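J.: Residue numbers for the sequence shown follow the numbering used here, beginning at 176 and rising by one.
Just so you know, even glycine gets a beta-carbon here, dropped at the ideal spot from N, CA and C.
Since this is a predicted model, take the numbers as computed values, not measurements.
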Amino acid sequence: MDRIVVRPGPPLAGTVQVGGAKNACLKVMAASLLAPGRYVLDNVPRIIDVETMSDVLVAMGVDVRRSGPHQLTLDVPEELTPEAPYELVERMRASIIVLGPLLASCGVARVALPGGDDFGPRPIDMHLRGLEALGASFEAAHGYIEGRAEQLTGTRILLEFPSVGATENILMAAVRAKGVTVIDNAAREPEIADLAAFLDRMGARVTGAGTSTIHVEGVEELASVDHTLVPDRVEAATFLAAVGLARGEIFIEGARADHMDMLVQKLGEMGMRISPASGGLWAYSRGRLRAVDVATLPYPGIATDYKPLFVALLSVADGVGIVTENLFAGRFRYVDELTRMGADIRTEGNHAVVRGIDRLSGAPVRAPDIRAGAALVVAGLAADGETVVTDPQHVDRGYENLAGKLSSLGADVSRFND
Ligand code: UD1
Numbered sequence: 176m177d178r179i180v181v182r183p184g185p186p187l188a189g190t191v192q193v194g195g196a197k198n199a200c201l202k203v204m205a206a207s208l209l210a211p212g213r214y215v216l217d218n219v220p221r222i223i224d225v226e227t228m229s230d231v232l233v234a235m236g237v238d239v240r241r242s243g244p245h246q247l248t249l250d251v252p253e254e255l256t257p258e259a260p261y262e263l264v265e266r267m268r269a270s271i272i273v274l275g276p277l278l279a280s281c282g283v284a285r286v287a288l289p290g291g292d293d294f295g296p297r298p299i300d301m302h303l304r305g306l307e308a309l310g311a312s313f314e315a316a317h318g319y320i321e322g323r324a325e326q327l328t329g330t331r332i333l334l335e336f337p338s339v340g341a342t343e344n345i346l347m348a349a350v351r352a353k354g355v356t357v358i359d360n361a362a363r364e365p366e367i368a369d370l371a372a373f374l375d376r377m378g379a380r381v382t383g384a385g386t387s388t389i390h391v392e393g394v395e396e397l398a399s400v401d402h403t404l405v406p407d408r409v410e411a412a413t414f415l416a417a418v419g420l421a422r423g424e425i426f427i428e429g430a431r432a433d434h435m436d437m438l439v440q441k442l443g444e445m446g447m448r449i450s451p452a453s454g455g456l457w458a459y460s461r462g463r464l465r466a467v468d469v470a471t472l473p474y475p476g477i478a479t480d481y482k483p484l485f486v487a488l489l490s491v492a493d494g495v496g497i498v499t500e501n502l503f504a505g506r507f508r509y510v511d512e513l514t515r516m517g518a519d520i521r522t523e524g525n526h527a528v529v530r531g532i533d534r535l536s537g538a539p540v541r542a543p544d545i546r547a548g549a550a551l552v553v554a555g556l557a558a559d560g561e562t563v564v565t566d567p568q569h570v571d572r573g574y575e576n577l578a579g580k581l582s583s584l585g586a587d588v589s590r591f592n593d
C-alpha cells in the first residue's frame with residue numbers, strides 16, 4: 176500500500192525550497208489556449224494536477240512536454256479541439272478553467288460538468304453567469320456544459336462572491352472580448368495577479384489584478400510567451416506548520432512573505448517567529464504554541480487551504496482555538512483522522528473547536544484530499560510513535576516530494592510505494 180510514514184524526530188533545521196504555485200500553474204496552462212505558438216513555463220511543480228492539466232491540453236491538440244525538471248514547453252496549434260472530457264475533469268475539477276479561454280479562442284467549448292468533491296458541492300454558476308454577461312450562452316446536456324460565443328463583448332460584472340475560478344474564467348474570456356470589461360468584487364489571490372501578468376505579456380491589457388476591481392481592455396490578438404510561476408504559498412505554509420509542530424529553525428527558500436501576510440501574523444500570535452529574509456522566509460519555533468481563533472476568508476484573509484494546517488497546529492497548542500470555515504461547507508472530514516491521533520476536536524457546522532493536548536499519538540490515517548493529507552503528514556511530526564498516512568496520491572496532486580523535502584530538514588518522514 177502506498178503510504179507516507181512519519182516518526183518523531185529532532186527539531187527541524189536547514190533550508191527547503193518552495194516550488195511554483197499549483198494554482199497559478201494550472202491557470203497559466205489554460206491561458207495558453209488563448210493563442211497558438213510555443214510557451215516555455217518555468218518553476219513548474221512536478222505534481223499530479225499539472226499532469227492532469229497537461230492531459231486536458233493534449234486532448235485539445237496541444238503538444239506538452241517536460242523540457243527540464245521544472246520546465247514545461249507547450250506548443251499550441253492553430254486549430255484546437257475545444258473539449259475537456261469527463262475522465263479528466265473528474266480527476267481534477269479545476270479543469271473547468273479552460274471554459275473561458277476556449278470560448279475566447281474557438282467561440283465554442285464543451286466541458287464535462289465537475290461533480291462535488293470531498294468537501295462538498297462546488298458550483299460553477301458564477302463562472303457561467305459572468306461568461307453569459309460577456310455574450311456566451313450555455314446548454315447542459317449529458318453531463319457536459321456546452322458554451323457558444325460568436326462575439327464576446329466587454330461589460331461590467333459584479334461577482335456575488337470573490338470566487339477565484341470565476342474571476343479567472345471571466346478574465347481569460349475578457350482579454351479577447353470587444354471593448355472594456357470590469358470585474359468587480361474580483362478575487363485578489365496572488366495567483367490571479369500572476370495569471371494577469373502572464374496575459375499582459377501575451378499582449379492583453381489588464382489592470383487591477385490582485386485588487387477587487389479588474390479592468391480588461393479586449394484585444395484582437397495575443398501571442399505566446401515564456402513565464403516563470405510565482406512560488407506556492409500553500410506549500411510554504413505547510414513548511415511553516417511543520418516547524419511549528421516539530422519546532423526548530425528553517426529557511427524557506429523562494430517563499431514570498433508579501434503573499435502570506437495574514438498567515439505570518441496569525442502564526443506570530445501563536446508564538447512562532449517568522450521573518451522575511453533575502454530570497455525567502457526564515458521561521459523559528461521553540462516551545463509550545465498558543466491557541467488562537469482562525470476564520471478562513473478570501474485573500475488576503477486566511478486561505479481555506481491553510482485550514483487543516485491550523486487544525487493540526489492547534490491540536491497540540493496551549494489552550495482552545497476555534498476554527499471557522501467560511502468558504503467550503505463540510506471541509507472538516509480530516510478531523511476524524513486527527514481525532515484518531517488523539518486530537519481533541521469537536522465540529523459543529525462550519526466550526527471546529529480544538530482543545531490542545533501535549534502530544535498526538537501516531538496512528539494509521541487516510542489522506543482525504545491534498546491539503547488535509549499534508550496536514551496529517553506534518554501532524555505526525557508532533558506525535559509519539561509512527562503515523563502512517565495512506566492514500567498519499569492525494570498529497571501528490573499538490574506537493575512535489577513532500578516527504579523528501581521534510582526529510583531534508585531532518586524530519587523522519589519516508590514515502591513507500593508498493
Ligand atoms: C480555488 C483554489 C482552491 C482554494 C479556493 C479558495 C484552484 C485550482 N483552487 O478554488 O485551492 O481552496 O480557490 O481559495 O485555484 N462558488 C460558487 N459558485 C461559483 C464558484 C464558486 O458558489 O460559480 C463558491 C464555492 O462553492 C465556494 C466559494 O465560492 O464556496 C469559493 O470558491 P472559489 O474561490 O471559486 O474556489 P475555486 O476557484 O474552486
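DSSP on I358, reduced to helix/strand/coil?
T.: For the purposes of this step, residue 358 is taken as the residue at position 183 of the sequence shown. It is a strand residue.
J.: Just verifying my parser: in three-state terms, what is the DSSP assignment at Q326?
T.: Indexing the sequence shown from 1 puts residue 326 at position 151. Q326: coil per DSSP, three-state reduction.
J.: Under the assumption that L327 contacts R351 (Cβ atoms under 8 Å), give the Cβ distance between them as a whole number of angstroms.
T.: As a position in the sequence shown, residue 327 is number 152, starting the count at 1. As a position in the sequence shown, residue 351 is number 176, starting the count at 1. With 8 Å as the limit, L327 and R351 qualify as a contact, their Cβ atoms being about 6 Å apart.
J.: Mind listing, in chain order, the continuous beta strand (DSSP E) runs of no fewer than 3 residues lying wholly within the region 422-470?
T.: Entirely contained in the region 422-470, the beta strand (DSSP E) runs reaching 3 residues are, in chain order, 423-428, 448-452 and 455-460.
J.: Report, in whole angstroms, the separation of the C-beta atoms of A279 and A348, which I expect to be a contact under 8 Å.
T.: Position 104 of the sequence shown, counted from the first residue, corresponds to residue 279. Position 173 of the sequence shown, counted from the first residue, corresponds to residue 348. The pair is a contact, with the Cβ atoms about 5 Å apart (cut-off 8 Å).
J.: Going along the chain, which residues put their C-beta within less than 6 Å of some heavy atom in ligand 1?
T.: This selection yields N198, L201, A269, R297, P298, I299, D300, M301, H302, F336, S338, V339, G340, A341, A362, A478, T479, D480, L502 and F503.
J.: To the nearest angstrom, how far is the alpha carbon of E500 from that of L484?
T.: Position 325 of the sequence shown, counting from 1, holds the residue named residue 500. Position 309 of the sequence shown, counting from 1, holds the residue named residue 484. Each residue's Cα considered, the two are about 13 Å apart.
J.: Based on the DSSP output, what are the partners of T386 in its beta bridges?
T.: Locating residue 386 in the sequence shown gives position 211, counting from the first residue. The partner list for T386 (beta bridge, DSSP) reads A384.
J.: Rounding to the nearest angstrom, what Cα-Cα distance links N344 and S270 in this structure?
T.: Walking along the sequence shown from the start, residue 344 turns up at place 169. Walking along the sequence shown from the start, residue 270 turns up at place 95. Each residue's Cα considered, the two are about 11 Å apart.
J.: Report yes if the CB atom of L263 is closer than 9 Å to the CB atom of A234, and no otherwise.
T.: Your numbering for residue 263 matches position 88 in the sequence shown. Your numbering for residue 234 matches position 59 in the sequence shown. Contact flag set, yes.
J.: Excluding sequence positions up to five away, which residues of its chain have a Cβ less than 8 Å from the Cβ of A586?
T.: For the purposes of this step, residue 586 is taken as the residue at position 411 of the sequence shown. So the qualifying residues of the chain are V181, G184, L187, A417, A421 and L556.
J.: CB-CB under 7 Å to R178, same chain, minus the five flanking residues each way: which ones, in chain order?
T.: Translated into positions along the sequence shown, residue 178 becomes position 3. Closer than 7 Å at Cβ, skipping near neighbours: V563, V564, T565, P567 and F591.
J.: Rank V237, H390 and I272 by C-alpha distance to the C-alpha of V339 and give the top, closest one.
T.: By one-based count along the sequence shown, residue 339 stands at place 164. When only C-alpha atoms are compared, the closest one is I272.
J.: Going by C-alpha to C-alpha distance, which of D359, T388 and V405 sits closest to D369?
T.: The sequence position of residue 369 within the sequence shown is 194, counting from 1. Per the Cα distances, V405.
J.: In chain order, what residues of the same chain have a beta carbon less than 8 Å from the beta carbon of K482, not counting five sequence neighbours either side?
T.: Numbered from its first residue, the sequence shown carries residue 482 at position 307. Hits under 8 Å: V469, T471, V498, E500, R506 and R546.
J.: For A371, which of I358, L346, E392 and D359 has the nearest alpha-carbon?
T.: Looking up residue 371 in the sequence shown gives position 196. Comparing Cα positions, the closest option is L346.
J.: Starting from H569, trace the alpha helix (DSSP H) both ways and give me its first and last residue.
T.: The residue given as residue 569 occupies position 394 in the sequence shown. Note, H569: alpha helix (DSSP H), Q568 to G573.
J.: Helix, strand or coil for P365 per DSSP?
T.: The residue labelled residue 365 in the question sits at position 190 within the sequence shown. In the structure shown, P365 sits in a helix (DSSP, three-state: H, G or I).
J.: Measuring alpha carbon to alpha carbon, tell me which residue in R448, G282, A554 and G212 is nearest A538.
T.: Locating residue 538 in the sequence shown gives position 363, counting from the first residue. The residue with the shortest Cα to Cα distance from A538 is A554.
J.: How far does the alpha helix (DSSP H) with Y261 in it reach, from first residue to last?
T.: Position 86 of the sequence shown, counted from the start, is the residue given in the question as residue 261. Start and end: Y261 to R266.
J.: Rounded to the nearest angstrom, what separates H390 and A492 at their Cα positions?
T.: By 1-based counting over the sequence shown, the position of residue 390 is 215. By 1-based counting over the sequence shown, the position of residue 492 is 317. C-alpha separation (whole angstroms): 44 Å.
J.: Compare the C-alpha of R534 against each of G524, D519 and N525 and name the closest.
T.: In the sequence shown, the residue the question calls residue 534 occupies position 359. Residue D519 is the option with its Cα nearest to R534.
J.: Which residue's Cα is closest to the Cα of I601: A487, A287 and G419?
T.: With the chain running from 176 to 593 in the structure shown, residue 601 is simply not present.
J.: Could you tell me which uninterrupted alpha helix (DSSP H) segments, each at least 4 residues in length, are contained entirely in the region 457-541, listed from first to last along the chain?
T.: DSSP runs (the alpha helix (DSSP H)) wholly in the region 457-541: 482-489 and 510-515.
J.: State whether the region 571-583 contacts the region 188-196, with contact taken as three or more CB pairs (one from each stretch) at a distance under 8 Å.
T.: Yes, they touch.
J.: Are there 16 or more other CB atoms within 10 angstroms of the CB of A308, so buried, or fewer, so exposed?
T.: Stepping through the sequence shown from its first residue, residue 308 is reached at position 133. Looking at its Cβ environment, which holds 16 or more other Cβ atoms inside 10 Å, A308 is buried.
J.: Excluding the five sequence neighbours on either side, which residues of its own chain have a C-beta within less than 7 Å of the C-beta of E575, listed in chain order?
T.: Along the sequence shown, one-based indexing puts residue 575 at 400. The answer, listed in chain order, is G194, P220, R221 and I222.
J.: May I ask whether a heavy atom of ligand 2 can be found less than 8 Å away from the beta carbon of R422?
T.: Inclusion of ligand 2 in the displayed structure is not the case, the ligand content consisting of ligand 1 alone.
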